[in-house]
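A.B. asks:
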Amino acid sequence: MIDRSAAPAPEKKLTFDLPEIKELSLSNGTKVLFVRKDKLPIVYTNLIISCGSKSDPAAKRGTGYLTSLLVDEGAGKFDSLELNGEFEKLGSIFSVRSNHDMTSMTLTSLKDNFNRSLELMSDVILTPRFDEKDFAREKKKVLDKILQLKDEPSFIASSVFERKIFKDSYYAFPEIGFENTVADISNNDIKKFYTQNYTAANSTFVVVGNLTESEVTDKFNGYFSKWDSSKKSSAIFEKPERAPTSFYFVHKKDSAQSEIRIGHLAKKRDAADFIPARIMNTILGGQFSSRINLNLREDKGFTYGANSSFQYYREAGLFEVSTAVNIENTGEAVSEILKELDGIRKEITPKEIEFAKSYLIKQFPARFETYAQVAKNIEQLILHRLDIDDLRGYTGKIESTEIREVSAAALENIFPEELVVVAVGEKEKIIPQLKKIKGVEPEELDLNGNPQI
Numbered sequence: 088m089i090d091r092s093a094a095p096a097p098e099k100k101l102t103f104d105l106p107e108i109k110e111l112s113l114s115n116g117t118k119v120l121f122v123r124k125d126k127l128p129i130v131y132t133n134l135i136i137s138c139g140s141k142s143d144p145a146a147k148r149g150t151g152y153l154t155s156l157l158v159d160e161g162a163g164k165f166d167s168l169e170l171n172g173e174f175e176k177l178g179s180i181f182s183v184r185s186n187h188d189m190t191s192m193t194l195t196s197l198k199d200n201f202n203r204s205l206e207l208m209s210d211v212i213l214t215p216r217f218d219e220k221d222f223a224r225e226k227k228k229v230l231d232k233i234l235q236l237k238d239e240p241s242f243i244a245s246s247v248f249e250r251k252i253f254k255d256s257y258y259a260f261p262e263i264g265f266e267n268t269v270a271d272i273s274n275n276d277i278k279k280f281y282t283q284n285y286t287a288a289n290s291t292f293v294v295v296g297n298l299t300e301s302e303v304t305d306k307f308n309g310y311f312s313k314w315d316s317s318k319k320s321s322a323i324f325e326k327p328e329r330a331p332t333s334f335y336f337v338h339k340k341d342s343a344q345s346e347i348r349i350g351h352l353a354k355k356r357d358a359a360d361f362i363p364a365r366i367m368n369t370i371l372g373g374q375f376s377s378r379i380n381l382n383l384r385e386d387k388g389f390t391y392g393a394n395s396s397f398q399y400y401r402e403a404g405l406f407e408v409s410t411a412v413n414i415e416n417t418g419e420a421v422s423e424i425l426k427e428l429d430g431i432r433k434e435i436t437p438k439e440i441e442f443a444k445s446y447l448i449k450q451f452p453a454r455f456e457t458y459a460q461v462a463k464n465i466e467q468l469i470l471h472r473l474d475i476d477d478l479r480g481y482t483g484k485i486e487s488t489e490i491r492e493v494s495a496a497a498l499e500n501i502f503p504e505e506l507v508v509v510a511v512g513e514k515e516k517i518i519p520q521l522k523k524i525k526g527v528e529p530e531e532l533d534l535n536g537n538p539q540i
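Residue numbers 88 to 540, in our numbering, belong to the letters of the sequence shown in order.
#1: By the DSSP assignment, the alpha helix (DSSP H) with ALA364 in it spans what residues?
#2: Using a threshold of 7 angstroms, state whether the C-beta atoms of ILE379 and GLY372 are closer than that.
#3: Find out if the Cβ-Cβ distance for the pair GLY139, GLY149 is shorter than 7 angstroms.
#4: Around the C-beta of ASN133, are 16 or more other C-beta atoms found within 10 angstroms, so that it is buried, or is it exposed?
#5: From the DSSP output, which residues share a beta bridge with TYR399?
#6: Under 8 angstroms: do the stretch 187-200 and the stretch 226-233 share three or more Cβ pairs, one atom per stretch?
#7: Could you work out which residue in THR369, ALA364, SER142 and SER290 is closest to SER316 when comparing CA atoms only?
#8: In chain order, what residues of the same chain lie with their CB nearer than 7 angstroms to the CB of SER114, ignoring the 5 residues before and after it?
#9: Express the C-alpha separation of ALA322 and SER167 in angstroms, rounding to a whole number.
#10: Tell me the start and end of each unbroken beta strand (DSSP E) in the stretch 283-344 that is at least 3 residues and wholly inside, in chain order.
#11: Determine the closest residue to SER209 out of VAL122, LYS251, ASP159 and SER301, with distance taken between C-alpha atoms.
#12: Leaving out five residues before and five after THR482 in sequence, what residues of the same chain have Cβ atoms less than 7 angstroms from its Cβ?
#13: Please return the same chain residues whose Cβ sits closer than 8 angstroms to the Cβ of LEU105, not counting the five positions on each side in sequence.
#14: Report all residues from its chain with a CB closer than 7 angstroms to the CB of GLU427; omit the five preceding and five following residues, and keep chain order.
#15: Nearest by alpha-carbon distance to GLU328: which of ILE475, THR488, LEU405 and ARG216 is it?
#16: Can you tell me the Cβ-Cβ gap for SER342 and PRO240, rounded? I've got them flagged as a contact below 8 angstroms.
#17: What distance in whole Å lies between the Cβ atoms of MET367 and VAL493, which are believed to be in contact at a cut-off of 8 angstroms?
#18: Whether or not the stretch 114-125 and the stretch 275-293 are in contact is what I'm after, with contact meaning three or more pairs of Cβ atoms, one per stretch, closer than 8 angstroms; do they touch?
#19: Given this structure, state the Cα-to-Cα distance separating ALA145 from LYS254, to the nearest angstrom.
#20: For ASN500, count neighbouring C-beta atoms within 10 Å of its own C-beta (all shown protein chains included) and say buried if the count is 16 or more, exposed if not.
#21: State whether the stretch 522-538 contacts the stretch 350-363, with contact taken as three or more CB pairs (one from each stretch) at a distance under 8 angstroms.
#22: Can you tell me which of the three DSSP states TYR391 falls into?
#23: Look at SER517 and SER345 and say whether their C-beta atoms are less than 7 angstroms apart.
#24: Give me the Cβ distance between TYR335 and VAL247, rounded to the nearest whole Å; I'm assuming they're in contact under 8 angstroms.
#25: On the DSSP bridge list, what partners appear for THR132?
#26: Which of the three DSSP states is assigned to VAL211 in this structure?
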């Protein structure tokens, strides 16, 4: 007789085979990481250039971001509309994005149209036009977006939080820049940024799709063998130090909610205890039934969701708890988060660890469902300078992690006495609540994270 009160047990352990990553090189030395997938007639290409806002001139922050918007606004013999039309005729999708550490160009194409699509991509990479009219239009869009972001509490909280964490290093400043710095950027600044940073020596291709290794090298050599590989940009990261816990607030008039960010500087992605720390954070705030979310959402009803995460840049890591709560619950929510950060260092149960490990292992195959997802995982290997086989032992490392390692990771990665606490909301309602926490005197900051005068 079937016991319908209990969930059926799985018949066998699920297995997942990671795709094999081949490391190839072009004639000019540019590296290509290739994964062959031949079930569909599709090729996905990602060019990763090691430049982003970290390469911005200090007085012209936002240059890298604006360059990434302009580089595909016309190339070779095509203006911006014509170039977009050429990709559309082929059924290909081309896009450019940038962040602190890198700029990424992605191309999705049918195999039959890949040669022509790759030729167009090479035009963007090698011969962007940077027409003055396109520059004026995109610069205005960026300035308008900066004004819009000044009215978004979530963006304000995150950008101010990172400013206090990273201090004067290049991760402290928003990728989009500031109104005054973007206003000073000229089209010549864009061209100079491109020349100095968009180089073969600074770049890696990731290719996933229905090609052979020889097809990859032949096709890419055909378009990129003469790409200049002699220059390589560099930006020096000045690592800040953690400091004793400090509380900050940013006034946002008529806010019904307060945005809260709590955290500190963390280790890089290549840390030896990355896996134990990942398991620990899954328990703390990394999934729906985590301690922080169950406390603030399910138990207290302060919010629709609260989470914690480790965010990894190339040269630094960041631990962050993030939530938005009813403004009258600001102080109590902060207190509960601080309590959870202290608690994770004191006790973690075997049951919590087994659930977190199972969650992470079962989630892993879903990260490789599409060609773009496969390329994204390889992109992370490049960004963090990890071995190409780093992902191959991922689930096994999770399975073999012991409770003592997870407990040690909590002690070595969570520092309740060295936090940055940021709340964004109406100050008349926030300040009295924050002052009740350990008798602190919260400091008021402006929208850019500077002391409010």
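Cβ coordinates follow ideal geometry from the N, Cα and C atoms, glycine included.
C.D. replies: With the structure as the only source:
#1: 361-371
#2: yes
#3: no
#4: buried
#5: GLY404
#6: no
#7: SER290
#8: ASN308 and SER312
#9: 31 angstroms
#10: 290-296 and 333-338
#11: ASP159
#12: ILE448 and PHE451
#13: PHE455, LEU478 and ARG479
#14: LEU371, ARG378, ILE379 and ASN382
#15: LEU405
#16: 6 angstroms
#17: 5 angstroms
#18: yes
#19: 14 angstroms
#20: buried
#21: no
#22: coil
#23: Here residue 517 is Ile; the residue named in the question, Ser, does not match the sequence. Yes; because the gap between Cβ atoms is below 7 angstroms, this pair is in contact.
#24: 7 angstroms
#25: LEU194 and VAL294
#26: helix
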